[in-house]
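Engineer: Before anything else, here's the structure in question.
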Amino acid sequence: NAGVTQTPKFQVLKTGQSMTLQCAQDMNHNSMYWYRQDPGMGLRLIYYSASEGTTDKGEVPNGYNVSRLNKREFSLRLESAAPSQTSVYFCASTSVGEIYGYTFGSGTRLTVV
Amino acid sequence: GQQLNQSPQSMFIQEGEDVSMNCTSSSIFNTWLWYKQDPGEGPVLLIALYKAGELTSNGRLTAQFGITRKDSFLNISASIPSDVGIYFCAGANSGYALNFGKGTSLLVTP
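Chains as they are written, first to last, in the numbering used here: chain V, 1 to 113; chain A, 1 to 110.
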């Protein structure tokens with residue numbers, strides 16, 4: 001049972017480039033989330049998808065877009081990367097109403113130069 | 001999101017010592033959770049608290065949900081080197097997303 005799988009694990013982008021971070025879960029969870037983690041800032045919610053077909057903005061959505069491709073997959077897209085988007089990105093998933101069941105992926109470490 | 005204040009920011013202790021960290025909020029939460037993040041990994045749930053005043057243990061870890069519902073603390077007894085990591089508190093109400101504190105970085109020397 002893989003849980004939450006994120007790809008890639010590491011990425012370096014030049015300013016202005018675009019890329020998509022992939023996330024897939026195999027636990028049949030309804031809700032999926034994207035967080036970013038910066039030193040001294042904790043985890044901040046970028047976007048979430050409460051269920052297949054819905055997405056909503058979190059605390060820091062600017063510069064990002066998301067797609068809930070199906071129940072398993074939730075991708076995060078940077079259309080024009082900026083150095084301020086250098087961070088570690090975590091995907092998480094949970095069943096509806098089971099916030100204690102949050103499962104995180106191992107993260108994508110993104111550097112924008 | 002709602003602001004959670006977690007302290008201390010970092011701790012450097014010797015193996016065998018007890019550890020205490022806490023989390024406060026200006027807002028009420030119905031659920032408090034504590035996560036641990038190992039280096040290079042995502043956070044993993046340690047303890048979940050659902051009721052004001054609740055005291056819950058998980059091995060050497062004990063956490064409490066404050067009576068005011070605006071705070072929580074986590075204690076680790078008899079620390080060991082594998083306790084090293086970042087500990088996050090998180091609060092939640094209705095809805096789906098968690099609000100995380102900024103984390104307490106714990107270093108344990110043998």
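We put the CB at the ideal spot given by N, CA and C, even for glycine.
#1: If we define contact as Cβ-Cβ less than 7 Å, is V/S95 a contact residue for chain A?
#2: Does any CB atom of chain V fall closer than 7 Å to the CB of A/K51?
#3: Just to confirm before moving on: does the CB-CB distance between V/T86 and V/V112 stay below 7 Å?
#4: By the three-class DSSP mapping on this structure, what secondary structure does V/S67 have?
#5: Per the DSSP calculation, V/Y48 is bridged to which residue(s)?
#6: For A/A92, report the span of its beta strand (DSSP E) as first-last.
#7: If you follow the beta strand (DSSP E) that V/M19 is part of, which residue opens it and which one closes it?
#8: Which residues, in order along the segment 38 to 61 of chain V, keep a beta-carbon less than 8 Å from a beta-carbon of chain A?
#9: If the cut is a Cβ gap below 9 Å, which residues of chain A does V/S106 touch?
Structural biologist: Reading off the structure:
#1: no
#2: no
#3: yes
#4: strand
#5: V/Y33 and V/D56
#6: G85 to A92
#7: M19 to Q25
#8: G40, M41, G42, L43, R44, L45, Y48, A50, G58 and E59
#9: G40, E41 and G42
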